[in-house]
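Asks: As given, the protein sequences belong to chains A and B, one line each in that order.
For the first sequence, the numbering used here gives the first residue as -15, with consecutive numbering after it.
For the second sequence, the numbering used here gives the first residue as 19, with consecutive numbering after it.
All C-beta atoms in this analysis are idealised placements derived from N, C-alpha and C, irrespective of residue type, glycine included.
Take a look at this one; I'll ask things after.
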Amino acid sequence: MKYDLVVVGGGPAGYVGAIRAAQLGKKVACVEKDRAGGTCLNWGCIPTKSLLRNAELYSLLSRRAGDYGLHFEKLTFDWAKIISRSRSVADKLAGGVEYLFKKHKIDYLRVEGAIPRSGVVTYRNGNGKEATAEADKILVSTGCVSKEMPGLEVNGATVLNSHQAMIVERQPKRLIVIGAGAIGIEFAYFFNAFGTEVTVVEMMPNLLPVEDTEVSTTLEKAFTRQGIKFLTGTKVVKAEADKTSARVTVAGKKQETLEGDAVLVAIGVSPIVPAGLEFRRGKGGFVETDETYQTSVPGVYAAGDVIGPPWLAHVAMWEAIQAVDGVFAGHKPKKIKDFPGCTYCQPQVASIGLTERAAKEQGLTYKVGKFPFSANGKALAVGESEGFVKLLIGQPHGEILGAHIIGPEATELIAELGLAMNLEATYEDIEATIHSHPTLSEAIHEATGQAFGLAIHI
Amino acid sequence: MPITIEMPKLSDTMTEGTLVRWIKKVGDKVEVGDVLAEVETDKATMEMEAFDEGTLGEVYVEDGQKAEVGQKLALLLEEGEEAPTNGKADKSVAAGAGPKKGGKDKAPEKQEPPSAEVKQANQEAEGERSEGLEASPMADKEEGEEKPASKTSEHATKPAAGTEPSAKAEPAAAQAEQQVQESAEEEGRVKASPLARKIARELGVELESLSGSGPGGRIVRDDVLAAAKTGSKPGRAEKPSPVPQPQPVAGKEDKRIPLSGMRKGIASRLLEAKTTIPHFYLQAEVNAAPLMQLRKEVNNSLEASGAQSKVTINDFILKATAVAATRVPQANAAFAGDAIIQFANVQLACAVAIDDGLVTPVIREAQRKSLLQISSEIKDLAARARSKKLKPEEYQGGTLTVSNLGSYGVEQFFAIINPPQSLIVSVGAVLKKPVVTERGDLAVGERVILGLSCDHRVVDGAIGAHFLTELKKLIEAPALMLV
């Protein structure tokens, strides 16, 4: 079969790239070894959001019901049901992607593909025979897997990666989380909410090290209140696990050995590169691409996690569209610049653009506009007044250099700042926009005002 | 979409012109750059070129007839298009002066009923709107939808930018509403981000001349910065020169050096400056002896205090220029079309020669800075200019310039004004010369010749002279700079 485009890997980059090419009237196939939707839909973003919703509800009802005048005699939960709800959400969405493939007449080949040379994708068909799909262009979007830690072989019981953590059959009583990036933090919150004793170990000085330091320290305070232990600036020096428990020796302020029923390794990801061609690879083994997303092999393009950080589904989707539009629509592709990053623990964390650290390092002139949710009517009304909005406003032109939100619905609120940055709006534009009252979004409005001494409610 | 061709404004003072003769006839194919007709203005007879391609569909003004600037002359048709009937066209022309909605009402079958927003847009656009540099993206959209045909036609023939279409140029294109709407999408409005607008205003970049790299062709900051950096104005604003210029031919042994972005910028900016700014020149010979003496003392004292750097003659002249500019604020000004902008601060540019050209980094608010501050700042700026590490904001926004060729031994010269500034000081070498002293004796003096190039639209002879006298006084008695 001859195609205009064969996409290898059906995750956010792959399925979006395939659909866009089909929209442009191209004949497209998508080769996926697991299930359409990739890590995001099946083993990442979506199922964890389902788990976190359970955690959020249970945490609210078990810990703070009294604040709302609610009282429960015997509040319990069903672990198996929590997991199965998450799985059914993932299944539903993966089915949705398969439906979209059909709708756009994309050939969906649920097999592992290899790329022996430009223009050819091979796979084993139903009879185990080698089959070939010819392609004018190939898009590699094979994604990533969790990195393993020496000494800790993942076994699904006492040593978990994120994939296994979201389907773990028995809730661990004590969990050690290695790595305080978004994945580590979300699982720490999830397990803690249901009563697991969680200790997070992070090499860098703060939780969520990529975020603005003020956000990290605010999250650290919130986690302390929630009873999540964390050791920052701490390295793992030795780790071992058997069938019943895991022991991790760490060196930070002091050297100590942590013991848990399980350890979750969340220390980053490595690329999955399809067999066949040798691509030029960069740091960490990620596939290198040029300005048009073309790999070192002409005619073979790559997008998504496999081309390196940031490993985010929305970035992968965007990259795939850039690449495909570049190939088939004569559009000049762009590389990622400003992208939002979200962590769905409570309080939520979301950001876009530069942190204050980065702005300082770059020697930029800026003003900070900050507004706490404790002065926001809606936040007080719903009882979620932890956190703040922090904006970095460039001087002298007033453009938004970065936005950092920690607090209720931060991950939804960040969209406004994404739009503002993409449109190159200045703080005056946000300031001049009416934000409805009472909403959490007023905190953004007030933060722009606060930078210039014009905030009303603080 | 049919493109309306209007009487272009070929000179600043032109209000009407005579269509001497049509060179293209109805039915002729027209390529971009083809001469359509000869037009006689108050000053000369000129050729009117086509800025779009198509077929000349219809002609409304015959050979020898006069037409006001902006009046409809002809219709250019794209492939497959037919000229509208005369009746319709006439009607639209007549309706042109009336309310804009009239045109639409006459062709209701071609037009969806306007939505609430469109209605509002119509009302808002009734009032005259400036070119939209201040307007928001939505406002531009409204404008684009509101005056599509006039915008299109402006683009089609007008060689002189920045002229408002007259009432007679109102859309006559009700018959092609849909297509015109599309053309407006492409060409009518200037889509630019708020940040890009702000920076463009500061750097004097014309947004109309840029093509945007943002979503939907929006002009974003980087487009403006890139344009400011190269000084080039890509896109439709680039007008073909009316008279073909003789081109040099490179022989086998000659070297053909492609233009760098900087060289292009210098070429276009200085050509524009020299040809569009009414320059005049003043010159004065100045006694540099006191300044040389003071410089020696300052440098001795700097050396004694262990400072590494020395103060140059140019540093003194920069300082003196900054002070003189505050004493004669009329000289620290720029021509802004319908106004003169007198700047509150002296943003003092200084020409620095670098490989393949020159840049003029700017000492911000130079009037507030001490001699030593100016000295160290210009050293830093010049060093970074030579290694091409200046940021655009460091060489944009100057209000007047000092150019010094003294170190090359040049006695005197007159530099070309650096637009949009109105003044440039040209500094020659300090030379020993025989001078007649106050007592009438001959003595050896140290002299420097200062040249002043002024934009007469802003700086009249007396103001220029006043400025030059102040500058001379400050250099001859440097202690006055402290006062």
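Entirely within the segment 169 to 239 of chain A and at least 3 residues each: give me those beta strand (DSSP E) ranges in chain order.
Replies: 181 to 185, 213 to 215, 219 to 225, 230 to 235
Asks: If you count every other CB in all the chains shown that lies within 10 Å of the CB of ILE377/A, and 16 or more means buried, which is it?
Replies: By one-based count along the first sequence, residue 377/A stands at place 393. Buried, by the Cβ-count rule.
Asks: For SER394/B, which residues from the same chain have a beta carbon less than 8 Å from its beta carbon, with the 5 sequence-adjacent residues on both sides left out?
Replies: Translated into the one-based positions of the second sequence, residue 394/B becomes position 376. So the list reads SER327, once near-sequence residues are dropped.
Asks: One question on the structure: do GLU24/B and GLN89/B come within less than 8 Å of each other, judged by their Cβ atoms?
Replies: On the second sequence, position 6 is the one that residue 24/B refers to. On the second sequence, position 71 is the one that residue 89/B refers to. Cβ distance < 8 Å, so GLU24/B and GLN89/B count as in contact.
Asks: Excluding the 5 residues preceding and the 5 following VAL311/A in the sequence, name in chain order all residues of the same chain whose CB lies nearer than 6 Å to its CB.
Replies: Residue 311/A sits at position 327 when you count from the first residue of the first sequence. Excluding residues within five positions, the ones whose Cβ falls inside 6 Å are LYS121.
Asks: Could you check which residue in LYS76/A, ALA246/A, ILE398/A, VAL281/A has the C-alpha nearest to that of LEU123/A?
Replies: Translated into positions along the first sequence, residue 123/A becomes position 139. It is VAL281/A whose Cα lies nearest to the Cα of LEU123/A.
Asks: Please name the residue in ASP356/B, LYS292/B, VAL87/B whose C-alpha comes closest to that of LEU441/B.
Replies: Stepping through the second sequence from its first residue, residue 441/B is reached at position 423. Nearest of ASP356/B, LYS292/B, VAL87/B to LEU441/B, Cα basis: LYS292/B.
Asks: Does the structure place the segment 393 to 407 of chain B close enough to the segment 343 to 355 of chain B that three or more beta carbon pairs sit under 8 Å?
Replies: no
Asks: Compute the Euclidean distance between the alpha carbons of THR455/B and LEU449/B, then round it to the nearest angstrom.
Replies: Within the second sequence, the letter at position 437 stands for residue 455/B. Within the second sequence, the letter at position 431 stands for residue 449/B. If you take the alpha carbons of THR455/B and LEU449/B, they lie about 16 Å apart.
Asks: Which partner residues of TYR285/A appear in the DSSP bridge assignment?
Replies: What you label residue 285/A is simply residue 301 of the first sequence in a count that begins at 1. TYR285/A pairs with LEU123/A, GLN278/A.
Asks: Taking only the alpha-carbon atoms, compute the straight-line gap between TYR328/A and PRO100/A and give it to the nearest angstrom.
Replies: As a working mapping, residue 328/A is identified with position 344 in the first sequence. As a working mapping, residue 100/A is identified with position 116 in the first sequence. If you draw a straight line from the Cα of TYR328/A to the Cα of PRO100/A, it is about 40 Å long.
Asks: If contacts are defined as beta-carbon pairs under 8 Å, then GLU368/A and GLY353/A qualify, I think. What distance do you get, rounded to the angstrom?
Replies: Counting from one through the first sequence, the residue named residue 368/A turns up at place 384. Counting from one through the first sequence, the residue named residue 353/A turns up at place 369. Not quite, the Cβ-Cβ distance comes to about 21 Å (not below 8 Å), so this is no contact.
Asks: Please list the terminal residues of the continuous alpha helix (DSSP H) segment that includes PHE485/B.
Replies: Counted from its first residue, the second sequence places residue 485/B at position 467. Its alpha helix (DSSP H) spans residues 479 to 494.
Asks: Is LEU385/A close to chain B? Criterion is C-beta to C-beta, closer than 8 Å.
Replies: The residue labelled residue 385/A in the question sits at position 401 within the first sequence. No, its Cβ sits nowhere closer than 8 Å to a Cβ of chain B.
Asks: For the putative contact between VAL53/B and ILE41/B, defined by C-beta atoms under 8 Å, what is the C-beta separation to the nearest angstrom?
Replies: The count along the second sequence starts at 1 and reaches residue 53/B at position 35. The count along the second sequence starts at 1 and reaches residue 41/B at position 23. Indeed they touch by this definition, with Cβ atoms about 5 Å apart.
Asks: By the 8 Å beta-carbon criterion, what residues does the segment 400 to 411 of chain A contribute toward chain B?
Replies: If the cut-off is 8 Å between Cβ atoms, the segment 400 to 411 of chain A has ASN406, LEU407, GLU408, ALA409, THR410 near chain B.
Asks: Give me the Cα-Cα distance between HIS484/B and VAL477/B, rounded to the nearest whole angstrom.
Replies: Position 466 of the second sequence holds residue 484/B. Position 459 of the second sequence holds residue 477/B. Taking the straight line joining both Cα atoms gives about 10 Å.
Asks: Is the beta carbon of GLY135/A sitting closer than 8 Å to the one on LYS222/A?
Replies: The residue you call residue 135/A lines up with position 151 of the first sequence. The residue you call residue 222/A lines up with position 238 of the first sequence. Yes, these two residues count as a Cβ contact at 8 Å.
Asks: Along the segment 411 to 424 of chain A, where does the CB come closer than 7 Å to a CB of chain B? Name the residues.
Replies: ASP413
Asks: Here's the rule: buried if 16 or more other CB atoms are within 10 angstroms of the residue's CB, otherwise exposed. What is TRP63/A?
Replies: Position 79 of the first sequence holds residue 63/A. TRP63/A comes out exposed.
Asks: Between the C-alpha atoms of ALA369/B and ILE414/A, what's the straight-line distance to the nearest angstrom?
Replies: Locating residue 369/B in the second sequence gives position 351, counting from the first residue. Locating residue 414/A in the first sequence gives position 430, counting from the first residue. For ALA369/B and ILE414/A, the distance between alpha carbons rounds to 40 Å.
Asks: State the DSSP-derived secondary structure class of ALA422/B, mapped to helix, strand or coil.
Replies: Counted from its first residue, the second sequence places residue 422/B at position 404. Here residue 422/B turns out to be Asn, not Ala, going by the sequence shown. Strand.
Asks: Give me the residue from LEU376/B, GLY235/B, PRO266/B, PHE361/B with the minimum Cα distance to SER282/B.
Replies: Here residue 282/B is taken as the residue at index 264 of the second sequence, counted from 1. For clarity, residue 282/B is Lys in the given sequence; the question names Ser instead. If we check each option's Cα against that of LYS282/B, LEU376/B comes out closest.
Asks: Per DSSP, what kind of secondary structure is VAL104/A in: helix, strand or coil?
Replies: In the first sequence, residue 104/A corresponds to position 120, counting from 1. It is a strand residue.
Asks: For the beta strand (DSSP E) containing GLN434/A, name the first residue and the last one.
Replies: Counting from 1 along the first sequence, the entry for residue 434/A is found at position 450. First-last for GLN434/A: 426 to 435, but that is the alpha helix (DSSP H), not the beta strand (DSSP E).
Asks: Do SER425/A and GLY386/A have their C-beta atoms closer together than 8 Å?
Replies: The residue you call residue 425/A lines up with position 441 of the first sequence. The residue you call residue 386/A lines up with position 402 of the first sequence. Not in contact: SER425/A and GLY386/A (Cβ atoms no closer than 8 Å).
Asks: Between ALA55/B and GLU76/B, is the Cβ-Cβ spacing less than 8 Å?
Replies: For this step, residue 55/B is matched to residue 37 along the second sequence. For this step, residue 76/B is matched to residue 58 along the second sequence. No, the pair does not count as a contact, with Cβ atoms beyond the cut-off.
Asks: If we ignore side chains and look at the alpha-carbon of each, how far apart do LEU500/B and ARG402/B end up?
Replies: The residue you call residue 500/B lines up with position 482 of the second sequence. The residue you call residue 402/B lines up with position 384 of the second sequence. Going by the C-alpha atoms only, they are around 30 Å apart.
Asks: So, using beta-carbon positions, are PRO212/B and ALA435/A closer together than 8 Å?
Replies: In the second sequence, residue 212/B corresponds to position 194, counting from 1. In the first sequence, residue 435/A corresponds to position 451, counting from 1. Not a contact, by the Cβ cut-off of 8 Å.
Asks: Should the segment 254 to 264 of chain A be regarded as contacting the segment 237 to 245 of chain A, the criterion being three or more beta carbon pairs within less than 8 Å?
Replies: no
Asks: Is the segment 269 to 289 of chain A touching the segment 301 to 311 of chain A in the sense that three or more CB pairs, one from each, lie closer than 8 Å?
Replies: yes
Asks: Just the C-alpha distance for ALA449/A and PHE323/A, rounded to the nearest angstrom, thanks.
Replies: Since the first residue of chain A shown is -15 and the last is 442, residue 449/A is not available in this structure.
Asks: When burial is assigned at 16 or more other CB atoms within 10 Å of the CB, is ALA74/A buried or exposed?
Replies: The count along the first sequence starts at 1 and reaches residue 74/A at position 90. So ALA74/A counts as buried.
Asks: Between THR218/A and the rest of its own chain, which residues show a CB-CB distance below 6 Å, the 5 nearest in sequence each way excluded?
Replies: Mapped onto the first sequence, residue 218/A falls at position 234. Closer than 6 Å at the Cβ level, and outside the excluded window around THR218/A, lie VAL185, VAL234, GLY236.
Asks: Are the Cβ atoms of ALA39/A and MET301/A separated by less than 8 Å?
Replies: Here residue 39/A refers to the residue found at position 55 of the first sequence. Here residue 301/A refers to the residue found at position 317 of the first sequence. No.
Asks: Taking all protein chains shown into account, decide if VAL304/B is buried (16 or more other Cβ within 10 angstroms of its Cβ) or exposed.
Replies: As a first step, residue 304/B must be located in the second sequence, where it is residue number 286. Buried, because 16 or more other Cβ atoms sit within 10 Å of the Cβ of VAL304/B.
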